[in-house]
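Scroll down for the structure; my scribbles are underneath it.
Protein chains: 2
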Amino acid sequence: MAALLLTPGPTPIPPAVAAAAAAPLLHHRSPEFRAVLERVLDGLRRVYRTDDEVVLMTSSGTAAVESAFANLVAPGDRVLCVSAGNFGDRWVTLAAAYGAEVETLRYPWGARPDPAEVAARIAGRTDLAVAILVHSETSTGAVADLRTIAAGARDRGCILVVDAISSLGAAPLETSAWGLDVVVSGSQKALMTPPGLAFVQVSARARERARAGGAARYALDWERTLVAQAKGQTPFTPAISLVCALDVALAMIEADGLEVRIERTRRMGRGVRAAVRALGLELYSPDHDDCGLVTAVVWPQGVDGEAVRRRLREQHGVVVAGGQGDLVGRILRVAAFGAITPGDLVQGIAALEIELLAAGHIVEAGVGVGAFERGYAR
Amino acid sequence: MAALLLTPGPTPIPPAVAAAAAAPLLHHRSPEFRAVLERVLDGLRRVYRTDDEVVLMTSSGTAAVESAFANLVAPGDRVLCVSAGNFGDRWVTLAAAYGAEVETLRYPWGARPDPAEVAARIAGRTDLAVAILVHSETSTGAVADLRTIAAGARDRGCILVVDAISSLGAAPLETSAWGLDVVVSGSQKALMTPPGLAFVQVSARARERARAGGAARYALDWERTLVAQAKGQTPFTPAISLVCALDVALAMIEADGLEVRIERTRRMGRGVRAAVRALGLELYSPDHDDCGLVTAVVWPQGVDGEAVRRRLREQHGVVVAGGQGDLVGRILRVAAFGAITPGDLVQGIAALEIELLAAGHIVEAGVGVGAFERGYAR
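Protein chains in written order, with the numbering used here: chain A, 2 to 379; chain D, 2 to 379.
And the structure:
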């Protein structure tokens with residue numbers, strides 16, 4: 002059965018994007034590819050809302066976050082990691098792997114970091130090399146109030162690194178206006194492109210620091226890539242087919258308008274939360290309008306969540322994500338960004354209703370779908 | 002105009018492989034993708050001719066070579082780099098970036114390393130951590146006699162790392178039988194898949210060394226990936242669409258037979274060299290049966306090579322590579338592996354003849370094509 006991906010990465014690929022990925026390959030040193038690359042880098046800058054450079058990498062988002070450590074952190078440097086979930090925890094491990102003195106500001110999984118507290122831990126400090134923060138914690142659905150954090154931490158000595166892997170293009174993110182230093186994202190989330198590309202916006206200040214220090218690195222080196230990109234090239238053979246696919250996806254995003262897409266995510270998130278409530282299920286992600294990118298739902302007592310997830314996939318072709326870490330088997334996660342439409346979510350909610358009816362957990366059909374429609378339309 | 006890639010990476014993508022890259026995405030944690038991943042890892046082991054583990058990376062081949070340094074080299078470790086071209090030189094730079102004490106054994110660009118000399122520099126030494134060697138130097142077309150080198154260096158303390166990025170699947174390479182430790186390759190060469198995936202075969206000995214040392218690393222860490230792969234997973238979101246494409250390509254290679262494909266490359270290389278000679282052009286790559294993967298040709302005096310290359314691309318849709326480093330503008334390079342067929346090469350040679358006729362450099366049409374046919378058939 003064809004699968005409908007409602008997962009927070011990979012997300013569904015629009016047919017035109019998939020077709021671009023399957024077109025005969027351009028050579029990466031050809032003038033044709035150079036034009037694609039330059040268009041993609043310009044398009045990324047517009048999605049990032051920045052005039053700074055964006056490093057294009059052929060890698061996972063994780064390796065792109067790693068590039069921030071490789072370029073900025075030497076052993077013994079102090080790094081502040083703000084964590085409220087699986088990805089926040091991953092960056093703690095990564096910082097430790099780079100020999101950093103790690104200082105962790107932890108929030109319970111599923112919580113939104115307290116913006117004033119986070120800002121206070123960054124502002125005015127002279128002993129921090131890097132502070133890293135997850136914008137959208139994909140493992141829980143909690144989106145941090147990055148705008149307030151950045152405003153409160155404007156006066157800082159450290160480089161502020163933001164993991165925006167699942168938020169870029171799905172949530173408000175004003176890289177230049179908010180004064181962010183390094184913002185990392187990936188192709189397979191709101192940008193509707195298959196996984197394999199990642200991006201790092203690098204401010205002039207961050208670039209200068211990277212030139213002067215960091216760890217041993219080669220492919221992850223920002224300067225090497227930025228020097229090549231300034232000549233319309235990549236330093237190594239890139240994932241050409243994915244770059245060409247991203248080119249099409251960025252044009253679609255541009256045609257829609259970034260604000261329209263972000264507002265659609267907000268409305269779809271509202272709808273999903275309304276459906277969850279109407280079905281008597283418990284939200285794991287914050288019940289907040291800014292947290293509609295990923296909705297996490299606690300499987301009710303007596304329901305074998307992983308069995309339901311399997312039936313959703315096998316009987317309905319609907320793929321939702323499970324929990325990560327301690328949440329394996331305890332939650333499901335539904336995305337509402339990228340190419341996911343309200344109709345896709347209706348299909349997913351209906352499939353869930355059918356399975357919950359069969360499990361005897363709910364008695365009335367259609368209430369979730371109805372609540373979604375009202376929440377979305379509101 | 003649709004482009005016929007005769008370049009040594011990327012190489013042309015067979016339609017069935019391209020179609021797989023454009024199919025609806027599988028989720029990387031789904032049982033369907035797990036089956037694909039396990040098939041791909043098994044298929045890679047067969048192409049590598051090894052029972053050891055193969056690390057699958059979402060990266061360029063360069064980053065995969067880097068992973069050998071990141072996993073095996075600590076600052077101050079002594080590394081022997083054998084270089085006879087652009088890629089050999091790149092690994093010298095990479096070794097230096099990792100703080101290694103670099104010892105370089107250099108050969109002129111275009112030469113094949115002397116197997117006895119290389120083996121003697123490795124065998125019996127106790128002060129070397131790593132020796133790195135390029136199997137097929139894509140920048141010049143020279144293929145090293147890896148079998149003889151490996152046999153002569155069997156008795157070694159260091160880890161022998163082989164850059165087989167453009168040779169795996171195109172030249173004889175017996176990873177286990179020749180006792181190689183670490184062999185790196187990529188998707189976009191003989192494996193007929195778009196760029197973005199790279200592979201590192203890791204022997205038990207190399208894996209043990211990596212566990213005990215190396216540099217700061219996370220995404221490049223072999224152990225992290227091998228532990229995930231043992232569970233049918235990848236540690237991070239992989240380039241799913243490319244893995245599915247590689248799955249189809251590996252099945253095609255298996256159906257053909259590896260030996261048949263390697264022999265076809267040998268015959269195509271013979272044909273190309275015969276054509277070059279018949280056209281009165283000078284070979285840059287060695288005139289040797291083992292060096293048919295990439296044929297490098299010196300542009301004759303009075304011919305503006307880059308202008309001809311542009312005309313080949315714009316007027317004939319034929320893409321050949323130019324020179325790298327000091328060879329920019331001085332040579333052209335034609336590949337004869339992956340999905341490239343004898344017919345493709347005939348088309349490329351004919352286009353070159355047309356342009357050399359127009360430039361007044363040759364007078365008789367068809368001699369190159371005729372020589373190719375005889376060389377290939379021989």
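Ideal Cβ placement from N, Cα and C applies to all residues, glycine included.
Asked	Found
C-beta neighbour in chain A for Phe34 (chain D), strict 7 Å	no
Length of the line joining the Cα atoms of Ile1 (chain D) and Gly270 (chain D)	With chain D running from 2 to 379 in the structure shown, residue 1 (chain D) is simply not present.
Beta-carbon spacing of Ile133 (chain D), Trp92 (chain D) below 7 Å	yes
Status (buried if at least 16 other CB within 10 Å, exposed otherwise) for Arg47 (chain A)	exposed
Residue closest to Asp115 (chain A), alpha-carbon to alpha-carbon, out of A:Glu175, A:Tyr285, A:Ile363 and A:Arg148	A:Arg148
Rounded straight-line distance, which links the Cα of Arg334 (chain D) to that of Ala300 (chain D)	Checking the sequence, you will find Trp at residue 300 (chain D) rather than Ala. Rounded to the nearest angstrom, the two C-alpha atoms are 10 Å apart.
Straight-line Cα distance separating Glu33 (chain D) from Ala165 (chain A)	28 Å
Any C-beta of chain D under 7 Å from that of His289 (chain A)	no
CB of Leu6 (chain A) within 7 Å of CB of Val320 (chain A), strictly	yes
Which of helix, strand or coil DSSP assigns to Val74 (chain A)	coil
Test item: CB-CB of Leu282 (chain A) and Val298 (chain A) under 7 Å	yes
7 Å Cβ shell around Val66 (chain D) - same chain, five flanking residues per side excluded	Trp92, Leu95, Asp164 and Val185
Collapsed DSSP secondary structure at Cys82 (chain A) in the structure displayed	strand
Cβ of Phe88 (chain A) within 7 Å of any chain D Cβ	no
Under 7 Å from the C-beta of Ala20 (chain A): neighbouring residues of chain D	Ala23
Any chain D beta carbon closer than 7 Å to Phe237 (chain A)	yes
Rounded C-alpha distance that separates Thr63 (chain D) from Ala112 (chain A)	40 Å
Gly189 (chain A) burial status per 10 Å Cβ neighbour count (16 or more: buried)	As written in the sequence, residue 189 (chain A) is Gln, which differs from the Gly given in the question. Classification for Gln189 (chain A): buried.
Top-ranked residue by Cα proximity to Ala98 (chain D), from A:Val201, A:Arg225, A:Ala366 and A:Arg267	A:Arg225
Cβ-heavy atom distance, Arg218 (chain A) to the ligand COA, below 6 Å	This structure simply doesn't include the ligand COA, nor any ligand for that matter.
Val320 (chain A): contacting residues in chain D (beta-carbon distance under 8 Å)	His28 and Ser31
Under 8 Å by beta carbon: chain D residues contacting Arg212 (chain A)	The contacting residues do not exist; Arg212 (chain A) stays about 14 Å from chain D at best.
The alpha helix (DSSP H) enclosing Gln348 (chain D), as first and last residue numbers	Pro343 to Ala359
N- and C-terminal bounds of the alpha helix (DSSP H) containing Val93 (chain D)	Asn87 to Ala98
Contact under 7 Å by Cβ, Ile14 (chain A) with Leu73 (chain A)	no
Residues that Glu67 (chain A) contacts on chain D, provided the C-beta gap is smaller than 9 Å	Arg218, Tyr219, Ala220 and Leu221
Local conformation of Asp164 (chain D) per DSSP, three classes	strand
Identified DSSP bridge partners for Gly187 (chain D)	D:Ala199
For Gly158 (chain D) and Gln202 (chain A), the rounded distance between their alpha carbons	43 Å
For Ser60 (chain D) and Ala220 (chain A), believed in contact at Cβ under 8 Å, the rounded distance	7 Å
CB-CB length for Glu307 (chain A) against Gly330 (chain A), believed under 8 Å	5 Å
In DSSP terms, what Glu104 (chain D) is bridged to	D:Leu81
Length of the line joining the Cα atoms of Ala366 (chain A) and Leu328 (chain A)	28 Å
For Phe373 (chain A) and Leu353 (chain A), believed in contact at Cβ under 8 Å, the rounded distance	In fact, because the Cβ distance is near 11 Å, the residues do not count as touching under 8 Å.
Chain D contacts made by the segment 90-106 of chain A, where a contact means CB separation under 8 Å	Thr94, Leu95, Ala98, Tyr99 and Gly100
Beta carbon proximity, Gly197 (chain D) to chain A, threshold 7 Å	yes
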